[in-house]
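For reference, the structure discussed in these notes is given below.
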Amino acid sequence: MIGVEWAQSANGVIGRDGALPWHLPEDMKHFRTLTAGATVLMGRRTWESLPPRFRPLPGRRNLVLSRTPQPGAEEEGAEVFPDLRQALAAVSGDVWVMGGAAVYRAALPLADRIVVTEIREHFDGDTHAPEVGRPPDSVGEWQESTTGLHYRFLTWG
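Be aware that the sequence shown starts at 1, since it is given in the UniProt record's numbering, and climbs by one per residue.
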């Protein structure tokens with residue numbers, strides 16, 4: 001199973017200056033539950049955006065896409081691949097794509113499952129979510145975060 005997962009604001013923002021522009025602990029918990037025991041696949045900049053204490057993401061096989069060698073990434077617990085095709089060929093179980101935008105766009109046509117945390121509020125940002133192109137199969141109820149943000153989970157597949 002190839003899954004793609006992201007959180008986006010009402011105006012489609014997924015990032016700003018290499019980080020999430022919001023704090024949504026419930027989404028982080030959802031992500032941990034969703035990806036536990038699976039492989040996670042991300043681009044180099046997403047890998048570098050993770051705080052060092054969270055690299056590699058625990059309880060998951062961490063794959064990083066990079067066109068250039070990444071000294072230190074393998075020592076930090078990641079496996080580096082030059083392209084999506086080679087990375088996916090190395091996986092024999094569930095894999096969750098976790099960013100960034102270019103990796104999402106490349107993986108979306110291959111995805112068996114898409115899970116999006118939709119945030120009702122608008123945010124300024126420089127990175128936007130890809131268009132899924134069809135209505136979700138499941139739309140969760142709006143919930144309020146401990147931070148005051150409103151969110152729900154959308155699922156395709």
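Cβ atoms here follow ideal geometry from the backbone N, Cα and C, with glycine treated the same way.
Under 8 Å between C-beta atoms of residue i and residue j
i: W156; j: P130; result: no
i: R60; j: V40; result: yes
i: V116; j: G43; result: no
i: S9; j: F153; result: no
i: L108; j: F81; result: no
i: L65; j: A87; result: yes
i: E26; j: Y151; result: yes
i: F31; j: E48; result: no
CB-CB length for residue i against residue j, believed under 8 Å
i: G99; j: T46; result: 4 Å
i: G3; j: W96; result: 5 Å
Beta-carbon proximity list for residue i, same chain, < 7 Å, skipping 5 on both sides
i: E76; result: R55, P56
i: M1; result: D94, D112, R113
i: L149; result: W22, L24, I119, E121
i: T146; result: P25
Close beta carbons around residue i, own chain, < 8 Å, minus the five adjacent residues each side
i: T127; result: V13, I14, G15, R16, G100, A101
i: Q143; result: E26, H150, Y151, R152
i: P69; result: V80
Range of the contiguous alpha helix (DSSP H) that encloses residue i
i: M28; result: 25 to 35
i: A73; result: No alpha helix (DSSP H) contains A73, which DSSP labels as neither H nor E.
i: A87; result: 84 to 89
i: E48; result: 44 to 49
i: V103; result: 101 to 107
Beta-carbon proximity list for residue i, same chain, < 6 Å, skipping 5 on both sides
i: E79; result: L63
i: A106; result: L84
First through last residue of the beta strand (DSSP E) which encompasses residue i
i: R61; result: 61 to 65
task = Could you name each continuous beta strand (DSSP E) segment of 3 residues or more that falls completely within the segment 109 to 156, going from the start of the chain to the end?
result = 113 to 119, 150 to 156
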